[in-house]
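Here is the structure we will look at, set down as structure tokens.
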Amino acid sequence: MIDLRGRVALVTGGSRGIGRACVERLAEAGADVVINYLTSREAAQELARAVERRGRRALTVKADVSEPEDVAAMLEHLGERFGRLDILVSNVAGGGFRSLLEASPRHFEATMNTNVRALLSLTQAAYPLLKQSSGLAKVIAMSSHGSHRALPAYGLLGASKAALESLVRHLALELGPQGINFNVVLAGLVPTDSTQHLPEADKFFAANQARLLVRERELTPADVANTVLYLASPLSDLIQGQVIVVDGGATLHG
Ligand SMILES: NC(=O)c1ccc[n+]([C@@H]2O[C@H](COP(=O)([O-])OP(=O)(O)OC[C@H]3O[C@@H](n4cnc5c(N)ncnc54)[C@H](OP(=O)(O)O)[C@@H]3O)[C@@H](O)[C@H]2O)c1
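The number in my numbering is simply the position in the sequence shown, starting from 1, with 353 added.
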């Protein structure tokens, strides 16, 4: 059993979707959780109350992770409340689905700042708090198959996920010896608010479901959160700088 009692976790974009499932899993395992959100204040607060009903501490923090000043303020607030950070789940992504010919410089910057620079800002701001962790601190970033495959309307997002995975490897190189593990969870197609905006979402989901190599299962946010939980725990201490795919085998076959 994974026991995270006494550990402090921050989940960015914890108010909805996969981030919310990560908050639930980490709190179930005993962690105190800081729930970052941008617009879904009610959802974040309702989730925090659910965490507290489990007997864990919870804090909600509004911060735009694409803005380094917001990230720094969030980590300062977290430090004042908890004094350290053991688990950082960098889950937020943004950018929207569009063709590359329609992508403006503003779209490019927003996508990269939200999906890539955020992890760098978070790590830099969290570093003194991660160093306070007893045992290894764990940083987990969220990626997708767009990092290494070409998908319709996914050019900017895919390029940002490739850069994110590279950033994780280089952070592992620089900070691994100091007691911080950096890994990536690469999720297959999961029903969340964001995937509702996929062009031809229904068709995409049906095709993906047909490709799963697991019997009578759909991929859910909780499946992705289970892998995050593993990477947040001491069971994964020797996993460093890796990408773990959670897609039910959908991309394994031709
Ligand atoms: N769903 C999939 O099929 C899938 C597949 C592979 C990878 N992923 C990855 O999994 C992660 C989560 O995806 P999801 O589908 O769960 O997304 P989602 O349901 O759209 O949720 C996005 C979350 O991010 C927050 N957020 C958005 N922009 C933010 C910002 N600038 N600063 C702070 N918070 C921000 C939202 O907060 P508010 O609601 O408060 O605004 C919300 O909590 C992403 O990295 C995504 O690329 C998803």
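All C-beta atoms, glycine included, are put in the ideal place defined by N, C-alpha and C. Computed from a predicted structure; not experimentally measured.
{"Query": "Contact check, Gly594 vs Ala525, beta carbons under 9 angstroms", "Result": "yes"}
{"Query": "Distance cut-off 8 angstroms: Ser419 Cβ against heavy atoms of ligand 1", "Result": "yes"}
{"Query": "Burial state of Pro587 (16 or more Cβ within 10 Å)", "Result": "exposed"}
{"Query": "Cα-Cα separation, Leu591 to Leu438", "Result": "20 angstroms"}
{"Query": "Within 9 angstroms, strictly: CB atoms of Val577 and Ser513", "Result": "no"}
{"Query": "Rounded C-alpha distance that separates Leu565 from Ala603", "Result": "4 angstroms"}
{"Query": "Cβ separation of Ala384 and Arg407, assumed to be a contact under 8 angstroms, to the nearest whole Å", "Result": "Actually they are not in contact, since the Cβ atoms of Ala384 and Arg407 sit about 10 angstroms apart, beyond 8 angstroms."}
{"Query": "Buried versus exposed call for Thr365 [16 or more other C-beta atoms within 10 Å across all chains shown]", "Result": "buried"}
{"Query": "Rounded straight-line distance, which links the Cα of Lys484 to that of Gln531", "Result": "8 angstroms"}
{"Query": "Ser498 CB to nearest heavy atom of ligand 1 below 8 angstroms", "Result": "Here the sequence assigns His to residue 498, which means Ser is not the residue at that position. Checking every heavy atom of ligand 1 against the Cβ of His498, one is found closer than 8 angstroms."}
{"Query": "His498, buried or exposed, once every other Cβ within 10 Å from all chains shown has been counted against 16", "Result": "buried"}
{"Query": "Val543 beta carbon less than 9 angstroms from that of Ala494", "Result": "no"}
{"Query": "Contact check, Leu412 vs Val376, beta carbons under 9 angstroms", "Result": "no"}
{"Query": "Per-residue DSSP class, three states only, for Asp546", "Result": "coil"}
{"Query": "Every unbroken alpha helix (DSSP H) inside the stretch 376-427 [4 residues or more]", "Result": "394-406"}
{"Query": "Cβ-heavy atom distance, Ser519 to ligand 2, below 8 angstroms", "Result": "The model on display carries ligand 1 but not ligand 2."}
{"Query": "Ile592 beta carbon near ligand 1 (any heavy atom closer than 8 angstroms)", "Result": "no"}
{"Query": "Boundaries (first-last residue) of the alpha helix (DSSP H) holding Leu528", "Result": "508-528"}
{"Query": "Collapsed DSSP secondary structure at Val442 in the structure displayed", "Result": "strand"}
{"Query": "Gly448 versus Thr464: straight-line alpha-carbon distance, rounded", "Result": "5 angstroms"}
{"Query": "Which residues DSSP lists as bridging Val361, in chain order", "Result": "Asp385"}
{"Query": "For Ser496, the three-state DSSP class (helix, strand or coil)", "Result": "strand"}
{"Query": "Cross-strand partners of Ile533 (DSSP beta bridge)", "Result": "Ala490"}
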